[in-house]
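**Student:** Please read through the structure below; I'll follow up with questions.
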Amino acid sequence: MNFEPKLISVFSERLLQWYSRHKRDLPWRNNRDPYAIWVSEIMLQQTQVRIVIPYYHRFLKRFPDLATLAQASLDDVLKLWEGLGYYARARNLHGAARAIVQDRDGLLPDTYRGLLDIPGIGPYTAAAVASIAYDEACAVVDGNVVRVLARLLGINLPYSEKGAKAIYGNAADELLPQERAGDYNQALMELGALICTPVAPQCRRCPAQAVCKAHLTLPDPAVLPPKVKKKERPHHDIVVGVVWRAGRFLVHRRPARGLLGGLWEFPGGERRPGETAQTCAKRKIEEKFKIAVRVQEQLAVIQHGYTHFKITLYAFQCTFLSEQARPPEHVVVRWVTAAEAERLAFARSNQKILETLANPDV
DNA sequence: AATTCGGGGGA
DNA sequence: TCCCCAGAATT
């Protein structure tokens with residue numbers, strides 16, 4: 060794209076001035092420690108600021124520097140991440156910290172290119188850390204930036220469209236001032252978060268009002284960027300059991316990768332069509348864990364949504380009857396008390412079961 | 001190029 | 001309900 064130089068300078072100057080007056084006081088803006096900024100940017104991936112804030116405080120209190128994080132166990136890191144979602148972020152952050160201590164003398168790369176080599180750091184996060192922590196002049200492109208650029212420049216393309224990444228990326232590069240890139244990047248995202256919002260943007264308060272193509276030419280600037288329709292999410296019935304044996308119940312750890320990787324959960328599985336929930340619980344638990352159980356009363360029914368599907372979770376009380384001589388393979392099992400379970404990281408849906416166990420209300 | 005990865009809050 | 005959030009890795 061070819062922008063008039065005037066648009067570029069007017070936009071960045073007004074944006075930075077607006078930012079200096081209206082920016083939120085966010086915890087990661089209080090220092091320029093590359094490690095702290097890295098942690099914040101990983102947490103902020105696809106996650107709103109207000110959700111991240113308490114997690115960020117707890118994380119930096121518990122793991123104040125890269126070496127401390129590297130020494131921690133993955134279980135401890137996952138426990139702190141519990142409920143935040145996208146757990147590969149925590150696994151990558153922890154693994155990267157260990158690799159950096161081992162191979163790089165504990166120092167995070169200090170360039171955009173170098174940062175891209177770190178697991179969990181992609182184009183956005185590399186540009187964010189490089190510009191904010193190291194003053195490198197590289198442009199971030201996140202959901203906020205795409206929305207602001209689409210409206211400012213009248214780009215009528217969903218970011219997911221073929222070739223759209225390059226168009227938005229080039230636009231962001233051309234608008235980026237060479238000075239104060241970190242402040243500029245944060246200002247652009249702040250504008251998207253506070254003014255140029257997905258619905259009902261506050262154009263009246265926008266510092267770019269006078270140069271914004273959408274505001275100047277469209278009845279409703281919010282039509283940009285164009286929405287893409289989402290596929291509907293399939294639904295599954297999942298049945299799990301709380302299997303009691305001498306005051307403890309059975310939990311197992313999910314495989315290290317994939318959905319909810321590394322988190323703990325109650326045993327169970329998907330109900331087949333025509334199968335009762337009780338039969339399903341018995342079948343799933345006995346097959347996988349090589350034990351015999353009796354399924355008892357229903358404990359909870361939980362609705363839960365994931366990115367690509369929805370589940371209804373039926374939880375049943377169960378009692379342990381007997382076990383086979385040969386233990387199950389490739390399954391990490393632990394019999395825990397309620398107090399011990401509190402120290403393990405559970406998926407959100409399973410946390411609701413734990414809460415029911417703790418407060419057997421009604 | 002598409003799909004997979006969580007969970008929550010606001011409209 | 002639906003949408004989308006300071007995206008990255010995998011297929």
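Note that my numbering gives residue 180 to position 121 of the first sequence, counting from 1, and the numbers run on in steps of one. For every residue, glycine included, the Cβ atom is placed at its ideal position computed from N, Cα and C. Quantities reported herein were computed from a predicted structural model and do not represent experimental measurements.
Can you look up L403 in the DSSP assignment and give me helix, strand or coil?
**Tutor:** In the structure shown, L403 sits in coil (DSSP, three-state: anything other than H, G, I, E or B).
**Student:** Go ahead and pull the three-state DSSP assignment for L212.
**Tutor:** Correct three-state label for L212: helix.
**Student:** Of the residues Q410, V270, Q104 and P293, which one's Cα is nearest the Cα of T366?
**Tutor:** Taking only the C-alpha atoms, the option nearest T366 is P293.
**Student:** Taking one C-beta from the region 255-267 and one from the region 72-84 each time, how about it: are there three or more such pairs within less than 8 angstroms?
**Tutor:** The region 255-267 vs the region 72-84: in contact.
**Student:** I believe A198 touches A189 by the beta-carbon criterion, under 8 angstroms. Please report the beta-carbon distance rounded to the nearest angstrom.
**Tutor:** Their Cβ separation, rounded to whole angstroms, is 10 angstroms, which puts A198 and A189 out of contact at 8 angstroms.
**Student:** Please classify S132: is it buried, with 16 or more other beta-carbons within 10 angstroms of its beta-carbon, or exposed?
**Tutor:** Its Cβ having fewer than 16 others within 10 Å, S132 is exposed.
**Student:** How long is the line joining the alpha carbons of I361 and T378, rounded to whole angstroms?
**Tutor:** Roughly 21 angstroms separates the two Cα atoms.
**Student:** From the DSSP output, in three-state form, read off K369 for me.
**Tutor:** Strand, per DSSP.
**Student:** Does at least one heavy atom of the ligand COA sit under 6 angstroms from the Cβ of I112?
**Tutor:** Ligands in the displayed structure: none, and consequently the ligand COA is not present.
**Student:** Let me know the secondary structure DSSP gives T378 once reduced to three states.
**Tutor:** Here T378 sits in strand by DSSP.
**Student:** Secondary structure at H389, three-state DSSP: helix, strand or coil?
**Tutor:** Coil.
**Student:** Please state whether DSSP places A351 in a helix, a strand or coil.
**Tutor:** Of the three classes helix, strand and coil, the one that applies to A351 here is strand, per DSSP.
**Student:** Let me confirm a value: T127 is counted as buried when at least 16 other C-beta atoms fall within 10 Å, else exposed. Which label applies?
**Tutor:** Exposed.
**Student:** Here's the rule: buried if 16 or more other CB atoms are within 10 angstroms of the residue's CB, otherwise exposed. What is P314?
**Tutor:** Exposed is the call here.
**Student:** At what residues does the beta strand (DSSP E) containing G300 begin and finish?
**Tutor:** Here the beta strand (DSSP E) through G300 covers H294 to R304.
**Student:** Tell me which same chain residues have a C-beta within less than 8 angstroms of the C-beta of Q410, skipping the five on either side of it?
**Tutor:** Hits under 8 angstroms: E141 and G142.
**Student:** Quick check: the Cα distance between V136 and G179, rounded to an integer number of angstroms?
**Tutor:** V136 and G179: Cα-Cα distance of roughly 15 angstroms.
**Student:** Would you be able to state if there are at least three C-beta pairs under 8 angstroms between the region 384-394 and the region 335-344?
**Tutor:** No: the two stretches stay apart, fewer than three of their Cβ pairs being nearer than 8 angstroms.
**Student:** Please state if the CB of V302 and the CB of F308 are separated by a distance shorter than 7 angstroms.
**Tutor:** Closer than 7 angstroms, so yes.
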